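According to our numbering, the sequence shown is numbered sequentially starting from 1133. By construction, the Cβ of each residue, glycine as well, lies at the ideal position given by its N, Cα and C atoms. From a predicted model like this one, the values you see are computed outputs, not experimental measurements.
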Amino acid sequence: MTREEYESIVHEVREDFERRREDRHSLELQWRLNMNYLAGNQYAEISPRGDLEERGREYFWQEREVYNHVAPIIETRVSKLSRVQGKVRVRPVSEGAEDISSAKLVTRLLTSVEDECLLSERLAEGTLWSEVCGSVFYKVTWNPNLGKVIGKDKAGDRIKEGDVSITVVPPFEIYPDSLNSPDVKSCRSIIHAKAYHVDDVFEKWGVEVKGEEVNVFTMDTSEVLGGLGYTASITKKVAGKLKDHVIVLEKYVLPTKTKPFGELVITAGDKLLYLGDLPYCVGDDGARGFPFVRQTAIGQAGSFFGVSVIERVIPVQRAYNAVKNRKHEFMNRIAMGVLAVEDGSCDCDNLEEEGLAPGKILVYRQGSTPPRMLNDGQVPTDFLYEEKQLLEEFNMISGVSEFMQFSQTPTTSTSGAALNLLIRQDESRLSVSAESLRQSARDIGKMILRLMKQLVTTRRLKRIAGEGGDIETVSFTSSDLTSDDLVFETDNELLDSPAQRRQMVFELLRHGLLFDESGKLSQGMKSRVLDLLGFGAWDSAQDTATLNAKKAQKENRDMREGQEMEVSEFDDHEVHIEKHVAEIITNGESEIISSHLNQHRKFAEEKEVHDE
């Protein structure tokens, strides 16, 4: 690559980034305003100059307190959405016993990888960003510095097997080619811009770059609040500076006819860090695609970014602050009074400084009218009515009612059916946000399996949870990951509370729907019931039938690879015969398996004769 081509690529990415940042400037202002309102800085506003400004007091006596209803609304929504787990299972490729067994193995393997990646914590962090700004993104990549150590290089540094990494990406760092794209897959290119320390850039890409001051968001205090005779401060979000940092631009371009494998360009300052194909085959049918998953609080038609409920609540919050402050100003006038003094009748300076203290001797000019208190009446009832109406608007617009926010039973409803209906109505308002969270969890799971299918080239070991609640160590390669078709394991968790699900389990047990043909509760079903009741794998001991079934499945795999297996007198021959017959029906007859099956039948016949 010539120097002119090198500089042209860096310049083109930089220009493209600046254009996209300019197009998205108004959205960023709204996100920053949302963050300030959540923190309590609710006298900030977007100025005509395209920046956030704060309105100060107009008079020294003006009440400018903040009565923050935005924070409890967001906290309630986030706490409700935290119940959404988004558990998925892998759908088998076919109805064959081997594919079904493989799907179960991949499901447990996916659960293990998600636990190692702390997916639950990542989803909780992402949900908070989504509720505040309207959107959040998850970046699913392959980190070669994770996993077990498999050797050392010539320099003596450890070589690891690598593993999946999931990071939360705030919307401030994502720049699509079009703000009108409905989702990530509809974009042709996406730029991920993130601030790195120059040392981190050198360690990750091996290129030295010149540090500069990078704009970031930081916390500060604002002193525009307070009232008559006092000043209050509150936290606000402001722009700050980071020294010795640089903005790294990662531009992902989807495959085209001229570039069938797509393109990834990474630049920092005036340096080109990487230029090559898209590294990850995370698209459908093994195609290369973006390693990003989007989650939105409220979807917006014809927009790449979602909408936060804070944007809808801001006008109500401003009106509520104004009503409360005006009411308190009125009460100050009633409590402290307003004096009417004839000009020249008394020392007005002393009266203004000390007021009418108890026991004060008021001297006024003979023949003049003595000072008197003006009658300010009472606080108008309109203030109380407007305050009540605004509180109801908070509930209507945000979808968070008093029943959900305060966990208090409404005085107008006392029956259990009515309360249950209220709960369902409250939580149905969150169903759109919850469904976006569940879809994000499913898309992340798909990307995890596709990355492992692409990059797990050698056999590796992984600890997973077995069907009976036990811990197993399994060996697998990419060829064992036969499917990435994920379906949700449960319905939306918001529709049924944990108490309702537990009650449903008890009803199923009472009617005998979870028992096997012999009328007993199997070990696997027992562990599943305990898990649904919230007790986890309490009973992790396995019965002999489960152990024999696992042994038979392992024998099927080994015999397919040409190994001959011996029959033990301690085997449960009926279980082994069932599993081996299923293997022959599914994958065809094998001489080794048939011979092994006949040995089990011989042992079973001898046992039957002996019992008689």
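Checklist entry - Which of helix, strand or coil does DSSP assign to A1203? => result Taking the sequence shown and counting its residues from 1, one reaches residue 1203 at position 71. Of the three classes helix, strand and coil, the one that applies to A1203 here is helix, per DSSP.
Checklist entry - Helix, strand or coil for Q1635 per DSSP? => result Along the sequence shown, read from residue 1 onward, the residue named residue 1635 stands at position 503. DSSP places Q1635 in helix when its eight states are reduced to three.
Item to check | Same chain, Cβ closer than 6 angstroms to S1568, five either side skipped, listed in chain order | outcome: Start at 1 with the first residue of the sequence shown, and residue 1568 comes out as number 436. Excluding sequence neighbours, S1568 sits near Q1427, T1428.
Checklist entry - Helix, strand or coil: which one does DSSP assign to E1693? => result In the sequence shown, the residue the question calls residue 1693 occupies position 561. In this structure, E1693 counts as coil in the three-state DSSP scheme.
Checklist entry - L1645 by DSSP, collapsed to three states: which one? => result Within the sequence shown, the letter at position 513 stands for residue 1645. L1645: coil per DSSP, three-state reduction.
Item to check | Alpha carbon of L1665 to alpha carbon of D1703, nearest angstrom | outcome: Residue mapping note: residue 1665 aligns to position 533 of the sequence shown, counting from 1. Residue mapping note: residue 1703 aligns to position 571 of the sequence shown, counting from 1. Rounded to whole angstroms, the separation of the alpha carbons of D1703 and L1665 is 33 angstroms.
Checklist entry - Straight-line CA distance for A1454 to F1526? => result Working through the sequence shown from its first residue, we reach residue 1454 at position 322. Working through the sequence shown from its first residue, we reach residue 1526 at position 394. So the two alpha carbons sit approximately 15 angstroms from each other.
Next on the checklist: On the DSSP letters alone, give me the boundaries of the alpha helix (DSSP H) that E1486 sits inside.
Outcome noted: As a first step, residue 1486 must be located in the sequence shown, where it is residue number 354. Counting along the chain, the alpha helix (DSSP H) containing E1486 begins and ends at 1480-1486.
Item to check | Best match in E1738, H1712, L1581 for proximity to W1274 [C-alpha to C-alpha] | outcome: Residue numbering aside, residue 1274 sits at position 142 when the sequence shown is read from its first letter. The shortest Cα separation from W1274 among E1738, H1712, L1581 belongs to L1581.
Checklist entry - Mind checking Y1517: buried by the 16 CB within 10 Å criterion, or exposed? => result On the sequence shown, position 385 is the one that residue 1517 refers to. Classification of Y1517: exposed, given that the 10 Å Cβ count is below 16.
Next on the checklist: I'd like the span of the alpha helix (DSSP H) that includes P1447, first residue to last.
Outcome noted: In the sequence shown, the residue the question calls residue 1447 occupies position 315. Per DSSP, P1447 belongs to the alpha helix (DSSP H) from 1441-1468.
Item to check | Between the CA atoms of R1591 and A1736 - distance to the nearest angstrom | outcome: Your numbering for residue 1736 matches position 604 in the sequence shown. Your numbering for residue 1591 matches position 459 in the sequence shown. Cα to Cα, the separation comes out at about 37 angstroms.
Next on the checklist: Quick check on the burial criterion: 16 or more other C-beta atoms within 10 angstroms. Buried or exposed for Y1175?
Outcome noted: Along the sequence shown, read from residue 1 onward, the residue named residue 1175 stands at position 43. Burial call: buried.
Next on the checklist: I believe Q1449 touches V1439 by the beta-carbon criterion, under 8 angstroms. Please report the beta-carbon distance rounded to the nearest angstrom.
Outcome noted: Working through the sequence shown from its first residue, we reach residue 1449 at position 317. Working through the sequence shown from its first residue, we reach residue 1439 at position 307. In this structure Q1449 is not in contact with V1439, their Cβ atoms being roughly 16 angstroms apart against a cut-off of 8 angstroms.
Next on the checklist: Taking only three categories from DSSP, how would you classify P1411?
Outcome noted: Counting from one through the sequence shown, the residue named residue 1411 turns up at place 279. It is coil, neither helix nor strand.
Checklist entry - Can you give the Cα-Cα distance for E1190 and E1197, rounded to whole angstroms? => result Locating residue 1190 in the sequence shown gives position 58, counting from the first residue. Locating residue 1197 in the sequence shown gives position 65, counting from the first residue. So the two alpha carbons sit approximately 14 angstroms from each other.
Item to check | Cβ shell of A1673 (< 6 angstroms), same chain only, five flanking positions each side left out | outcome: The sequence position of residue 1673 within the sequence shown is 541, counting from 1. Here A1673 scores only 45 on pLDDT, less than 50, and its place in the model should not be relied on; the value that follows carries that caveat. So the list is empty, once near-sequence residues are dropped.
Item to check | beta strand (DSSP E) runs wholly inside the stretch 1207-1282, at least 3 long, in chain order | outcome: Within the stretch 1207-1282, the complete beta strand (DSSP E) runs of at least 3 residues are 1220-1222, 1267-1275.
Checklist entry - Would you call the stretch 1692-1707 and the stretch 1722-1738 touching, i.e. three or more CB-CB distances under 8 angstroms? => result Between the stretch 1692-1707 and the stretch 1722-1738 there are three or more inter-stretch CB-CB distances shorter than 8 angstroms, so the stretches are counted as touching.
Checklist entry - Are the beta-carbon atoms belonging to V1301 and H1324 less than 8 angstroms from one another? => result The residue labelled residue 1301 in the question sits at position 169 within the sequence shown. The residue labelled residue 1324 in the question sits at position 192 within the sequence shown. Yes, Cβ-Cβ distance for V1301 and H1324 is below 8 angstroms.
Item to check | DSSP-derived helix/strand/coil call for D1183 | outcome: On the sequence shown, position 51 is the one that residue 1183 refers to. DSSP, read as helix, strand or coil, puts D1183 in coil.
Checklist entry - Sorted by chain position, which residues of the same chain lie with C-beta nearer than 7 angstroms to N1758's C-beta, five sequence neighbours on each side aside? => result Since the displayed the chain opens at 1133 and closes at 1744, residue 1758 lies outside it and no answer follows.
Item to check | CB-CB length for V1473 against L1488, believed under 8 angstroms | outcome: Within the sequence shown, the letter at position 341 stands for residue 1473. Within the sequence shown, the letter at position 356 stands for residue 1488. No, V1473 and L1488 are not in contact; Cβ-Cβ is about 11 angstroms, not under 8 angstroms.
Next on the checklist: Taking 8 angstroms as the threshold (beta carbon to beta carbon), is G1421 in contact with chain D?
Outcome noted: No chain D appears in this structure, which consists of one protein chain only.
Item to check | Cβ-based burial, M1528 [other Cβ within 10 Å; buried from 16] | outcome: As a working mapping, residue 1528 is identified with position 396 in the sequence shown. By the Cβ neighbour-count rule, M1528 is exposed, with fewer than 16 other Cβ atoms within 10 Å of its own.
Item to check | Heavy atom of the ligand ZN within 7 angstroms of R1582 beta-carbon | outcome: Among the components of this structure there are no ligands whatsoever, and the ligand ZN is therefore not found.
Checklist entry - What beta strand (DSSP E) runs, 3 residues minimum, are completely inside the stretch 1134-1201? => result Runs of the beta strand (DSSP E) inside the stretch 1134-1201: 1176-1178, 1184-1186.
Checklist entry - Which word fits V1619, buried or exposed, when buried means at least 16 other C-beta atoms lie within 10 angstroms of its C-beta? => result Indexing the sequence shown from 1 puts residue 1619 at position 487. Exposed, since its Cβ has fewer than 16 Cβ neighbours within 10 Å.
Checklist entry - Would you report the Cα separation of V1339 and K1403, rounded to the nearest angstrom? => result The residue given as residue 1339 occupies position 207 in the sequence shown. The residue given as residue 1403 occupies position 271 in the sequence shown. Approximately 8 angstroms between the Cα atoms of the pair.
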